[in-house]
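J.:
This is the structure we're talking about:
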């Protein structure tokens, strides 16, 4: 249902000239060009990407399932053949700084291999490119990163609103209106546990005045969650998000 995305004609020309062979599927916090470029060591205007959707036949779904040592749970892909669904994201041309002799690097040299993740190879046939003037080059190799040991949010490892803002801010770069953002929200699960408990920390800078840091974007992000009718997003889950001074009460109510 999400089909209209921004035209990026300059990127099309660059991809055609470079004829890239390796791509990385990004669907998390590096979905925006600025964050990707910072890690890929490439200036933002040289970051080449294709808005796309990984189909359910690949056997993955996106969920709040990646705990880390910083004390929060981030979204990541997890293997689930029975419950797999489409996942939108960006196919980025693999940067020269990532490659080793023209091939994917080993784990010790992988710039994108974050904590708790493992790299997998995906089939180009499982992708739908969402800009109809773009195609994945023949013979392309596509990699992404999935949760090695998926775990749901908990009191000690909550969802962080600041990370969700970063991801949806990147999605806005590829949206007409907010359609790419809406698809990201609607196809991500794990906002609440099966028993209805929610561990979601509103850690925005000056959380009671989010416009100070985000401008009007915070309204878009919150509205997409609040108004979502997707089965992945429980009704009313946004109202259970808590500011830091309120969050300790979540543990009290659990106890």
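Residue numbers (our numbering): 141 to 395. Idealized CB from N, CA, C, for every residue including glycine.
Going by CA-CA distance only, name the one from 276, 267, 234 that's closest to residue 227.
T.: Measuring from the Cα of residue 227, the nearest candidate turns out to be 267.
J.: Do you know offhand how far residue 252's Cα is from residue 374's?
T.: Going from the Cα of residue 252 to the Cα of residue 374 covers about 31 Å.
J.: In terms of DSSP beta bridges, what is residue 325 paired with?
T.: Residue 325 pairs with nothing; no bridge assigned.
J.: Which one of 233, 244, 205, 350 has the shortest CA to CA distance from residue 261?
T.: Residue 261 has its Cα closest to that of 244, out of 233, 244, 205, 350.
J.: What first and last residue would you give for the beta strand (DSSP E) that runs through residue 261?
T.: Its beta strand (DSSP E) spans residues 257-262.
J.: Residue 316 by DSSP, collapsed to three states: which one?
T.: Residue state, collapsed to three classes: coil.
J.: Name the residue from 382, 313, 333, 327 whose alpha carbon lies nearest to the alpha carbon of residue 114.
T.: Past the boundaries of the shown model lies residue 114; the chain is included only from 141 to 395, so the question cannot be answered.
J.: Which value, in whole angstroms, describes the spacing of the CA atoms of residue 273 and residue 190?
T.: Taking the straight line joining both Cα atoms gives about 10 Å.
J.: Measure from the C-beta of residue 381 to each C-beta in chain B and report whether the shortest distance is under 8 Å.
T.: Reference to chain B is not applicable here, since this structure consists of a single protein chain.
J.: Under three-state DSSP, which class holds residue 165?
T.: Residue 165 falls in the strand class under three-state DSSP.
J.: Work out the CA separation of residue 366 and residue 358 for me, nearest whole Å.
T.: C-alpha separation (whole angstroms): 12 Å.
J.: Using the three-state DSSP reduction, which class does residue 185 fall into: helix, strand or coil?
T.: Confidence at residue 185 is low in this model, with a pLDDT of 49, below 50, so its placement is unreliable and no value can be given for it.
J.: Can you give the Cα-Cα distance for residue 350 and residue 381, rounded to whole angstroms?
T.: Approximately 14 Å between the Cα atoms of the pair.
J.: Start and end of the beta strand (DSSP E) containing residue 202?
T.: Residue 202 -> beta strand (DSSP E) spans 200-207.
J.: Helix, strand or coil: how does DSSP classify residue 389 here?
T.: DSSP places residue 389 in helix when its eight states are reduced to three.
J.: Please report the distance separating the alpha-carbon of residue 254 from that of residue 379.
T.: C-alpha separation (whole angstroms): 31 Å.
J.: Check whether the Cβ atoms of residue 320 and residue 231 sit closer than 8 Å, and answer yes or no.
T.: The answer is no: Cβ separation not under 8 Å.
J.: Do you know offhand how far residue 388's Cα is from residue 271's?
T.: Each residue's Cα considered, the two are about 45 Å apart.
J.: Please determine, among 342, 329, 376, the residue with the shortest C-alpha to C-alpha distance to residue 225.
T.: Per the Cα distances, 329.
J.: Taking its Cβ as the centre, do 16 or more other Cβ atoms sit within 10 Å of residue 202, making it buried, or is it exposed?
T.: Result: buried.
J.: Check whether the stretch 287-302 and the stretch 333-342 are in contact - that is, three or more C-beta pairs closer than 8 Å.
T.: Counting Cβ pairs under 8 Å, three or more are found: they touch.
J.: Between the stretch 217-224 and the stretch 276-289, can you find at least three pairs of beta-carbon atoms closer than 8 Å?
T.: These segments touch.
J.: Does the distance from the C-beta atom of residue 309 to that of residue 172 stay below 8 Å?
T.: Result yes, Cβ atoms of residue 309 and residue 172 sit closer than 8 Å.
J.: Would you call residue 258 buried or exposed, if buried means 16 or more other Cβ atoms sit within 10 Å of its Cβ?
T.: Exposed.
J.: From residue 242 to residue 234, what does the alpha carbon distance come to, in whole angstroms?
T.: So the alpha carbons of these two residues sit roughly 10 Å apart.
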